[in-house]
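Trainee: Line order of the protein sequences matches chains A and B. Just so you know, we're using our numbering here: the first sequence kicks off at 4 and counts up by one. Just so you know, we're using our numbering here: the second sequence kicks off at -19 and counts up by one. Okay, here's the structure, questions in a sec.
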Amino acid sequence: NAGVMQNPRHLVRRRGQEARLRCSPMKGHSHVYWYRQLPEEGLKFMVYLQKENIIDESGMPKERFSAEFPKEGPSILRIQQVVRGDSAAYFCASSPFGRGSTDTQYFGPGTRLTVL
Amino acid sequence: KNQVEQSPQSLIILEGKNCTLQCNYTVSPFSNLRWYKQDTGRGPVSLTIMTFSENTKSNGRYTATLDADTKQSSLHITASQLSDSASYICVVAVQTGANNLFFGTGTRLTVIP
């Protein structure tokens, strides 16, 4: 059973470009979470999705950031018009039952975004 | 304010020695506490999950303790190995609310031969 997969592992963008990060959850998991980790800081929650639904996006900036988890295919975190402050590691996690349980979240290897 | 604080920030120990990492939290209402291990350049991997009623839980050479009254947890690593070098993250979940996981900034452990 493959783990959570993220691609690309490394992404370099110039200011103003779009960044698109992909996450394929573990087989059988329908809950996906995105986190951002700045250097020397802890992970910060961004958004929680189930298939075709955004459950909680309270941690996501109101502008330029969006996320989706379509019925088919991976979850996508999209950052439009990137700025240098968006440089960070973005982690995706998945779980089978969602929040409100002691369900373990399984993390992917992360995508390291560098904005030049 | 919901916060998770870990200490020390970093720690260097000799291979074969034991060590204890600390986590204090002010998160409420408490649901469970998790310890994750994050190798450099990788995603976090779960070590233990403890609910309110659990005082201790082991996973191999890792033993986590929880004191829900004082809102403290510790992670004890026995007979450390070079592969234990990583960041150890304490994560506390609340029972309700929009964002129910609160992450500490981690303790960076380095095991040297």
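All C-beta atoms in this analysis are idealised placements derived from N, C-alpha and C, irrespective of residue type, glycine included.
1. Counting along the chain, where does the beta strand (DSSP E) carrying A73/B start and finish?
2. Restricting to Cα atoms, I'd like to know which of P28/A, L41/A, T107/A is closest to E71/A.
3. Relative to the alpha-carbon of S(-13)/B, which residue among V74/B, G86/B, L13/B has its alpha-carbon at the smallest distance?
4. Rounded to whole angstroms, what's the CA-CA distance from Y51/A to L13/B? Just pull it up for me.
5. Hey, Q53/A and H32/A: beta-carbon distance below 8 Å or not?
6. Determine whether the beta carbon atoms of V85/A and Q40/A lie at a separation below 8 Å.
7. Could you confirm whether any beta carbon from chain B is found closer than 8 Å to the beta carbon of E75/A?
8. Where do the ends of the beta strand (DSSP E) carrying N4/B lie?
9. Helix, strand or coil for D19/B? Go by DSSP, reduced to three states.
10. With a threshold of 16 other CB atoms inside 10 Å of the CB of K65/A, please say whether the residue is buried or exposed.
11. Against chain A, does G23/B count as a neighbour if the rule is that its beta carbon must be under 8 Å from one of theirs?
12. Buried or exposed for N80/B, going by 16 or more other Cβ atoms inside 10 Å?
13. Return the first residue and the last residue of the beta strand (DSSP E) that Q53/A is part of.
14. Closest by CA to Q18/B, which one among R88/B, I92/B, P93/B?
15. Count the other C-beta atoms from every protein chain shown that fall within 10 angstroms of the C-beta of Q83/A, then say buried if there are 16 or more, exposed otherwise.
16. Might you give, ordered along the chain, the residues of its own chain that have their beta carbon closer than 6 Å to the beta carbon of H13/A, omitting 5 neighbours on each side?
17. Taking beta-carbon pairs under 8 Å, can you tell me which members of the stretch 25 to 54 of chain B lie near chain A?
18. On the DSSP letters alone, give me the boundaries of the beta strand (DSSP E) that F82/B sits inside.
19. Under the DSSP definition of a beta bridge, which residues are partnered with K(-19)/B?
20. Anything in chain B within Cβ reach of F110/A, meaning under 9 Å, just list it in chain order.
21. Taking CB distances under 8 Å as the criterion, tell me whether I(-7)/B reaches chain A.
22. Quick one: give me the first and last residue of the beta strand (DSSP E) that A96/A is part of.
23. Taking the alpha-carbon positions, what's the Q9/A to G111/A distance?
Mentor: This is what the structure gives:
1. Counting along the chain, the beta strand (DSSP E) containing A73/B begins and ends at 66 to 74.
2. Of P28/A, L41/A, T107/A, the residue nearest in Cα terms is P28/A.
3. It is G86/B.
4. Distance between the alpha carbons of Y51/A and L13/B is about 19 Å.
5. Note that the C-beta distance between Q53/A and H32/A is not below 8 Å.
6. No, the pair does not count as a contact, with Cβ atoms beyond the cut-off.
7. No, because no Cβ of chain B sits closer than 8 Å to the Cβ of E75/A.
8. It spans -1 to 5 - the beta strand (DSSP E) in which N4/B sits, taken as one unbroken run.
9. Residue state, collapsed to three classes: coil.
10. Counting of Cβ neighbours within 10 angstroms places K65/A among the exposed residues, the total staying below 16.
11. Closer than 8 Å: yes.
12. It is buried - the Cβ of N80/B has at least 16 other Cβ atoms within 10 Å.
13. Note, Q53/A: beta strand (DSSP E), 46 to 53.
14. The shortest Cα separation from Q18/B among R88/B, I92/B, P93/B belongs to R88/B.
15. Of the residues assessed, Q83/A falls on the exposed side of the cut-off, its CB having fewer than 16 other CB atoms within 10 angstroms.
16. Once the five neighbours on either side are set aside, the close Cβ partners of H13/A are R115.
17. From the stretch 25 to 54 of chain B, only V25, S26, I29, T31 have a Cβ closer than 8 Å to chain A.
18. Here the beta strand (DSSP E) through F82/B covers 81 to 83.
19. For K(-19)/B, no pairing in a beta bridge is given by DSSP.
20. The contacting residues are Y16, Q18, R22, G23, P24, V25, S26.
21. It does not: the Cβ of I(-7)/B has no partner Cβ on chain A nearer than 8 Å.
22. Here the beta strand (DSSP E) through A96/A covers 91 to 98.
23. Each residue's alpha carbon lies about 6 Å from the other.
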